[in-house]
Amino acid sequence: MVPSDNELAERLCRRDPNAFELLSARYREVIYRHVWQTIRDDAATEDVVQEVFLRSWLHAKQWSGQGTFKSWLFRIATNLALNHVRSTRRHRQLPLEIPNDAAMYEEEPPVPGWMIDTSEPGPEQRLETTERLHLLRQLVNKLPEEKREVLYLLYDDALETRQVAETLGIPEGTVKSRLHYATKRLAQEWKDLAKEWEDMA
Numbered sequence: 001m002v003p004s005d006n007e008l009a010e011r012l013c014r015r016d017p018n019a020f021e022l023l024s025a026r027y028r029e030v031i032y033r034h035v036w037q038t039i040r041d042d043a044a045t046e047d048v049v050q051e052v053f054l055r056s057w058l059h060a061k062q063w064s065g066q067g068t069f070k071s072w073l074f075r076i077a078t079n080l081a082l083n084h085v086r087s088t089r090r091h092r093q094l095p096l097e098i099p100n101d102a103a104m105y106e107e108e109p110p111v112p113g114w115m116i117d118t119s120e121p122g123p124e125q126r127l128e129t130t131e132r133l134h135l136l137r138q139l140v141n142k143l144p145e146e147k148r149e150v151l152y153l154l155y156d157d158a159l160e161t162r163q164v165a166e167t168l169g170i171p172e173g174t175v176k177s178r179l180h181y182a183t184k185r186l187a188q189e190w191k192d193l194a195k196e197w198e199d200m201a
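Mapping of the sequence shown onto our numbering: residues 1 to 201, in sequence order.
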């Protein structure tokens, strides 16, 4: 029988190395993706992920049992990732170019699907979609950090609003407020861009 997170967490508090290995294997990939969304640097992401699991080993007893162990790990990962960004990019914006794995965003954009126009199939659609995704990435990267993080957690990591609140350690109402701000701003800027495209057509 596969042990639950709670069982493994209890064993982790007793310094059980097998529990640590099982939890690391269970969540390493999803934690890596989560951290990478903030840092966008493979080497730095790997360092932060290592730190996340090191802290889970050293401070396992800090998990209170309220909320899920996964959310606790995500909260550690979020804090470490944001600390890294603040310390290394304090006076710089995140890169505006699309990352090398941009193809995945053609299937899972970091914003609601209704903002991507796929209603006109044709041989030039892929190029047009890539260009629009490039512009969309720029708009997302210009959002305030806390709003951008909410979008990533909801759309890239597919967390529910309650889970995002647990991960970031903020009220669920704050998550909804940040999401409302982000989508409203993106929708307005996207609408402005669409009008420019129509004027140029």
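C-beta atoms are modelled at their ideal positions from N, C-alpha and C, and glycine is treated no differently. None of the values given here were measured: they were computed from a predicted structure.
Rounded to the nearest angstrom, what separates residue i and residue j at their Cα positions?
{"i": "R55", "j": "A187", "result": "39 Å"}
{"i": "L143", "j": "D16", "result": "42 Å"}
{"i": "M1", "j": "Q138", "result": "46 Å"}
{"i": "L151", "j": "E160", "result": "11 Å"}
{"i": "I39", "j": "V52", "result": "14 Å"}
{"i": "Q62", "j": "R185", "result": "38 Å"}
{"i": "G169", "j": "T78", "result": "10 Å"}
{"i": "S4", "j": "A60", "result": "15 Å"}
{"i": "N83", "j": "Y155", "result": "22 Å"}
{"i": "E10", "j": "L193", "result": "52 Å"}
{"i": "Y27", "j": "V49", "result": "10 Å"}
{"i": "W190", "j": "R178", "result": "18 Å"}
{"i": "L8", "j": "E145", "result": "33 Å"}
{"i": "Y32", "j": "V85", "result": "15 Å"}
{"i": "A43", "j": "E166", "result": "27 Å"}
{"i": "V30", "j": "L22", "result": "14 Å"}
{"i": "A182", "j": "E172", "result": "15 Å"}
{"i": "K260", "j": "H34", "result": "The question about residue 260 has no answer, for the chain in this structure spans 1 to 201."}
Can you look up residue i in the DSSP assignment and give me helix, strand or coil?
{"i": "P144", "result": "coil"}
{"i": "V2", "result": "coil"}
{"i": "H180", "result": "helix"}
{"i": "W63", "result": "coil"}
{"i": "R137", "result": "helix"}
{"i": "T78", "result": "helix"}
{"i": "A187", "result": "helix"}
{"i": "T68", "result": "coil"}
Examine chain C for any beta-carbon lying closer than 7 Å to the beta-carbon of residue i, and answer yes or no.
{"i": "V164", "result": "In the displayed structure, chain C is absent; only one protein chain is listed."}
Along the alpha helix (DSSP H) that carries residue i, what are the first and last residues, could you check?
{"i": "I202", "result": "Outside the displayed span of the chain (1 to 201) sits residue 202, for which this structure offers no information."}
{"i": "R162", "result": "T161 to L168"}
{"i": "R14", "result": "Where R14 is concerned, there is no enclosing alpha helix (DSSP H), given that its DSSP letter is neither H nor E."}
{"i": "A43", "result": "D42 to L58"}
Quiz item: So, do the segment 67-79 and the segment 43-57 have three or more beta carbon pairs nearer to each other than 8 Å?
Solution: These segments touch.
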